[in-house]
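What follows is a single structure, written as structure tokens, with notes after it.
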Amino acid sequence: MALRSLIRDENAVNIVTGHILNLIVLMIITGGIAGAFYLYVDSSSEQAARISYTDLGSQIARDITNMYITSAQSQNINITIRRDIPLTLGGKGYRIMLNNATETDVAFVGIREAGLSGYEIITKLNSIDFNSNINISSSSRIVYSGSGEISIGMVKNSTENGTEVWLWIK
6 MALRSLIRDE NAVNIVTGHI LNLIVLMIIT GGIAGAFYLY VDSSSEQAAR
56 ISYTDLGSQI ARDITNMYIT SAQSQNINIT IRRDIPLTLG GKGYRIMLNN
106 ATETDVAFVG IREAGLSGYE IITKLNSIDF NSNINISSSS RIVYSGSGEI
156 SIGMVKNSTE NGTEVWLWIK
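Taking my numbering, I'd label the letters of the sequence shown as residues 6 to 175.
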């Protein structure tokens, strides 16, 4: 009898309300732990993607630098390198862009994650500055990862009027 009067007493704590409050506290604690784990995993995958972008950019920059060094001792030369590239890095598509040198900066290879706010890694080509007279073709300087391969080409033509060097990626 005393228990029934306690449950019906308006000043006492309702058992159902206590269970609901305990469930809410448990959900908040569980959500906090799961959220922290998710942020840690997401940060790790983004860091792995950035490392992959840097590695791929370094490989492409190395190929371009080797082509440039090889062409320096030649009058007329046509060099093409084909390289397989991964379809995705960090589970996302990407694009590779080759930018020409300006008066204030050297040429560079940029790798950008697909999407509007994608992460971008820039690998500078220190051997190709504004005075090196290398023209980067504006019609073929972007490659998307869906192709699975990249073709890097360089043509050097020496005439009595001077030397022209063209560089492109497809």
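C-beta atoms are modelled at their ideal positions from N, C-alpha and C, and glycine is treated no differently.
Looking at the structure shown, is A119 part of a helix, part of a strand, or coil, going by DSSP? Along the sequence shown, one-based indexing puts residue 119 at 114. In this structure, A119 counts as coil in the three-state DSSP scheme.
Going along the chain, which unbroken runs of the beta strand (DSSP E) with 3 or more residues stay wholly within the stretch 54-123? Entirely contained in the stretch 54-123, the beta strand (DSSP E) runs reaching 3 residues are, in chain order, 82-89, 99-104, 112-118.
Suppose contacts are defined by Cβ-Cβ distances below 9 Å. Is I139 in contact with Y73 by that definition? As a first step, residue 139 must be located in the sequence shown, where it is residue number 134. As a first step, residue 73 must be located in the sequence shown, where it is residue number 68. It is a contact, given that the beta carbons lie within the stated cut-off.
With DSSP run on the structure shown, which of helix, strand or coil describes N27? Along the sequence shown, one-based indexing puts residue 27 at 22. The DSSP-derived three-state label of N27 is helix.
Quick check on the DSSP output: the beta strand (DSSP E) that includes S163 runs from which residue to which? Taking the first residue of the sequence shown as position 1, residue 163 is located at position 158. Annotation: the continuous beta strand (DSSP E) that includes S163 extends over 154-164.
Would DSSP call N131 helix, strand or coil? Counting from 1 along the sequence shown, the entry for residue 131 is found at position 126. For N131, the secondary structure class from DSSP, reduced to helix, strand or coil, is coil.
From I147 to I34, what distance separates their C-alpha atoms? Position 142 of the sequence shown holds residue 147. Position 29 of the sequence shown holds residue 34. The alpha-carbon atoms of I147 and I34 are separated by roughly 47 Å.
Close Cβ partners of I126 (< 6 Å) along its chain, the five nearest in sequence each way excluded: Translated into positions along the sequence shown, residue 126 becomes position 121. The beta carbon of I126 is closer than 6 Å to those of Y58, T59, G62, I116 in its chain, skipping five residues each way along the sequence.
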